[in-house]
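Some notes on the structure that comes next.
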Amino acid sequence: MFEGAATDGIGDRTDVAPAGLGADLPVDEHDLVALSRRIDALDAARVAGLVGFFAAGGHRTEGFPTKASWIRARLGLTEPAARVLLVRVSRLAVWSTMRGLWLDGSLSGAQ
1 MFEGAATDGI GDRTDVAPAG LGADLPVDEH DLVALSRRID ALDAARVAGL
51 VGFFAAGGHR TEGFPTKASW IRARLGLTEP AARVLLVRVS RLAVWSTMRG
101 LWLDGSLSGA Q
């Protein structure tokens with residue numbers, strides 16, 4: 001999983017830990033809500049990045065015939081999870097206003 005994927009510091013626990021939690025797990029309502037918002041913001045950034053990556057043919061440049069095969073190999077997702085992500089990427093590739101609203105936090109991924 002994640003074979004050959006460079007993290008550039010992404011994936012360190014400190015990058016995604018809510019401020020002030022350190023190594024402690026969130027246990028109260030406010031920390032859990034903040035963590036969920038951060039996860040949603042990271043997902044928005046991932047989807048926006050994938051829109052651009054696939055538009056530029058990045059998956060083909062790396063030798064993958066399909067976007068799904070790239071996602072499974074590079075992001076370590078299962079086939080069903082890759083399909084769900086691809087549907088979201090495909091929709092937001094054409095709904096640029098929605099993508100922008102999700103990126104700036106005006107909408108959540110669930111909306």
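Start counting the sequence shown at 1; every next residue gets the next number (this note's numbering). We put the beta carbon where it would ideally sit given N, CA and C, even for glycine.
So is residue i buried or exposed if we call it buried at 16+ other beta carbons inside 10 Å?
i	result
W102	buried
V89	buried
W95	exposed
R37	exposed
A44	buried
Helix, strand or coil: how does DSSP classify residue i here?
i	result
W102	helix
T97	helix
L92	helix
L25	coil
What is the residue span of the alpha helix (DSSP H) that residue i lies within?
i	result
F54	29–55
T78	Counting along the chain, T78 falls outside any alpha helix (DSSP H), and DSSP gives it neither H nor E.
D109	In the sequence on display, residue 109 carries Gly and not Asp. G109 -> no alpha helix (DSSP H), and no H or E assigned at all.
T61	58–61
Please return the same chain residues whose Cβ sits closer than 6 Å to the Cβ of residue i, not counting the five positions on each side in sequence.
i	result
G105	none
A108	Sequence check: residue 108 is Ser here, not Ala. Excluding positions up to five away in sequence, the list reads D40.
V47	R88, V89, L92
W70	H59, F64
L77	I71
Suppose the cutoff is 7 Å on Cβ atoms and the five residues either side in sequence are ignored; what does the same chain contact list for residue i look like?
i	result
L50	V89
K67	F54, H59, L86
By Cβ distance, which residues of its chain are closer than 8 Å to residue i, with the 5 residues on each side in sequence left out?
i	result
A55	A93
T97	none
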